[in-house]
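Participant:
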Amino acid sequence: MVNVTGGCHCGAIRYEIAGEPIVHALCHCTDCRRHAGAPMVGWSMYAEDALKVTKGTPKLYKSSEHGRRQFCADCGTGLFYTNANIMPGIVDIQSATYDDPDAVPAMMHIQTAERIHWMERAHELPTFERYPPQT
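As structure tokens, then:
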């Protein structure tokens, strides 16, 4: 069994997860990208009863007809996603909000039909341990 803790950027929301992840996917859909302001979002899927919010109350946003996103109303950090229509009893948790983001390795990319084209080769870009050299 995996025990994971996490929370938002400002610390107003804290959570813990007790259970095995169903899957950990990197989502490239437009909805996730726009909500997070990022080129992709890591989601770990669990049974809803595996998640316990231990501090604070996330704000709920109805992002689509059935989709519900929860985030911190203070700092804006996205946290959880549910869609009872297509994933009953399941919660997706933004894995970058884990205290240890390496705790549950990503298993796949999803929604690649909507992936930003330059993300297909992002792994080929130059890398720097911190900021790039200033010229």
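The sequence shown lines up with residues 1 to 135 when you count with the UniProt record's numbering.
Think of the CB as a built atom: it goes at the ideal place given N, C-alpha and C, for glycine as much as any other residue.
1) Note down the Cα distance separating V2 from A12, rounded to an integer number of angstroms.
2) Label G37 either buried or exposed according to how many other C-beta atoms from any shown protein chain fall within 10 Å of its C-beta, with 16 as the threshold for buried.
3) Around the C-beta of H109, are 16 or more other C-beta atoms found within 10 angstroms, so that it is buried, or is it exposed?
4) By Cβ distance, which residues of its chain are closer than 6 Å to C8, with the 5 residues on each side in sequence left out?
5) Nearest-angstrom Cα distance between T54 and I22?
6) Checking the sheet assignment: what are the DSSP bridge partners for Q111?
7) How is the alpha helix (DSSP H) around T30 delimited, first residue to last?
8) Within a Cβ cutoff of 8 Å, which residues of the same chain sit near A47, ignoring the five residues on either side of it in sequence?
9) Considering only residues of the UniProt domain "CENP-V/GFA" (4 to 119), which uninterrupted beta strand (DSSP E) runs meet the minimum length of 3 residues and lie entirely inside it, listed in chain order?
10) How should W43 be labelled, buried or exposed, when 16 other C-beta atoms within 10 angstroms of its C-beta is the threshold for buried?
11) Is the distance from the Cβ of I17 to the Cβ of L51 below 7 Å?
12) Ignore the nearest five residues each way along the sequence and tell me which others in C32's own chain have a CB closer than 6 Å to its CB.
Facilitator: Reading from the atomic positions:
1) Note on geometry: alpha-carbon atoms of V2 and A12 lie some 23 Å from one another.
2) G37 should be labelled exposed.
3) Flag for H109 reads exposed.
4) Excluding positions up to five away in sequence, the list reads C72, C75 and T77.
5) T54 and I22 have their C-alpha atoms some 22 Å from each other.
6) According to DSSP, residue pairing for Q111 in a beta bridge does not occur.
7) It spans T30 to A36 - the alpha helix (DSSP H) in which T30 sits, taken as one unbroken run.
8) Once the five neighbours on either side are set aside, the close Cβ partners of A47 are G19, I22, G89, I90 and V91.
9) DSSP runs (the beta strand (DSSP E)) wholly in the UniProt domain "CENP-V/GFA" (4 to 119): 14 to 19, 23 to 27, 41 to 47, 51 to 55, 59 to 62, 67 to 71, 78 to 83, 90 to 94 and 108 to 110.
10) W43 comes out buried.
11) At the C-beta level, I17 and L51 come within 7 Å of one another.
12) Contacts found: V41.
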